[in-house]
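Q: Below is a structure I'd like to ask you about.
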Amino acid sequence: MPDSPRVPGNSVDSLVQHATDNQVCRITLNRPETLNAITPDQRERIIELLTDASADPGVRAVVLTGTGRGFCAGADLRGGSAAGERVPGDVARTIRVGAQRLISAVLDCEKPVIAAVNGTAAGLGAHLAFACDLVLAVESAKFIEVFVRRGLVPDGGGAYLLPRLVGPQRAKELMFFGDALTAADAERLGLVNRVVPGGELEKTAREWAARLATGPTRALALTKQLVNASLDSDRTTAFAAEAAAQEINMTTEDAREGVASFVERRSAEYRGR
């Protein structure tokens, strides 16, 4: 689907708020009047922030959330058109450089990413949450594979992510009907790690992020890579990747600290190196 025009009168930094505190980068979508539908400018900013967080040794965990009643209502289609003449390849190119890059930025981030789903997550917004390593959701949150309602094929990696999370039959049910999935049902299916009351979402997200930010950062990054790659690998490839990851990780200061703390019967103090 084509990119929509830029939103006038707003800076991208006001529409995508971010701050780093205690080694946790918090990225907040801030267009509550549209349930945080993502514009191209916002998408590029989120990708930039995730890329920076991945490379920054001062960031050891990421929280992605939204303001208002919505986590993310998907791509902002206002101003786009499904009609009109197209050059062959335009749509595929737009998806590759747009929605797919956004989801890849989450999957490829070397820091653990927590989705704190504060409300509706629809279309690309649902896939943005599902791409995160851990998903927290308020009791009122809903997840909607809205594409079929618009006569569209799912984008943003949906047909890649969902079967791996819930299996092909469940994925097809969600995508064929486009029914709203409650937070409780999403947790039951394994799409959400934990459902919390609305007033506890920020507190829980901060607690989880703080635990991750004091963990062995490189070991977590390698673990994330192994798990993500395992679903596309045969056993031989997965075992070889595991051995290589162990080899790399054992050169880190945190691995040495972890072993030393065990031998010395004390709590480990990881520094993310």
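Per this note's numbering, the sequence shown starts with residue 421, numbered consecutively. Using N, Cα and C, we set each Cβ at its ideal position, and we do this for glycine too. Bear in mind the structure is a predicted one, so any value in this text is a computation, not a measurement.
1) Closest to Glu627 by C-alpha separation, out of Asn442, Ser434, Gly490, Ala688, would be which residue?
2) Where do the N-terminal and C-terminal ends of the beta strand (DSSP E) with Gln437 fall, by residue?
3) Are Thr634 and Tyr690 closer than 8 Å when you measure CB to CB?
4) In the structure shown, what three-state DSSP assignment does Leu455 receive?
5) Report the rounded CA-to-CA distance for Asp423 versus Glu667, giving the unit in angstroms.
6) Rounding to the nearest angstrom, what Cα-Cα distance links Asp575 and Gly543 in this structure?
7) At the level of alpha carbons, what is the spacing between Leu522 and Thr459?
8) Within the same chain, show all residues whose beta-carbon is closer than 7 Å to that of Asn669, passing over the 5 residues directly before and after it, in chain order.
9) Could you give the first and the last residue of the continuous alpha helix (DSSP H) run that contains Phe597?
10) Where do the N-terminal and C-terminal ends of the alpha helix (DSSP H) with Arg631 fall, by residue?
11) If we call anything under 8 Å between Cβ atoms a contact, is Ser560 one with Gly578?
12) Taking the alpha-carbon of Ala606 as reference, which of Phe550, Tyr580, Ala649 has the nearest alpha-carbon?
13) DSSP beta-bridge partners for Lys562?
14) Looking only at its chain, what residues have a beta carbon closer than 8 Å to the beta carbon of Ile534, apart from the 5 residues adjacent to it on each side?
15) So, does the stretch 507-526 touch the stretch 460-468, judging by three or more C-beta pairs under 8 Å?
16) Would you mind sorting Arg446 into buried or exposed? The rule is 16 or more other CB atoms within 10 Å of its CB.
17) Which residues in the same chain as Asn456 place their Cβ atom closer than 8 Å to its Cβ, once the five residues preceding and following it in sequence are excluded?
18) For Ala525 versus Thr440, is the C-beta spacing smaller than 8 Å?
A: The structure says:
1) Selected option, being the one with the closest Cα: Asn442.
2) Per DSSP, Gln437 belongs to the beta strand (DSSP E) from 436-441.
3) yes
4) coil
5) Confidence is the limiting factor: at Asp423 the pLDDT is only 45, short of 50, which leaves the residue's position unreliable and the question unanswerable from this model.
6) 8 Å
7) 12 Å
8) Arg638, Ala639, Leu642, Ala675
9) For Phe597, the enclosing alpha helix (DSSP H) covers residues 588-597.
10) 621-633
11) no
12) Phe550
13) Note: Lys562 sits in a beta bridge opposite Thr602.
14) Ala481, Val482, Val483, Leu484, Cys552, Asp553, Leu554, Val555, Leu556, Ala625, Trp628, Ala629, Leu632
15) yes
16) Buried is the call here.
17) Close CB contacts of Asn456 within its chain, under the 8 Å cut and outside five residues either way in sequence, are with Leu449, Asn450, Gly486, Thr487, Gly488, Gly490, Phe491, Cys492, Ala493, Gly545 (chain order).
18) no
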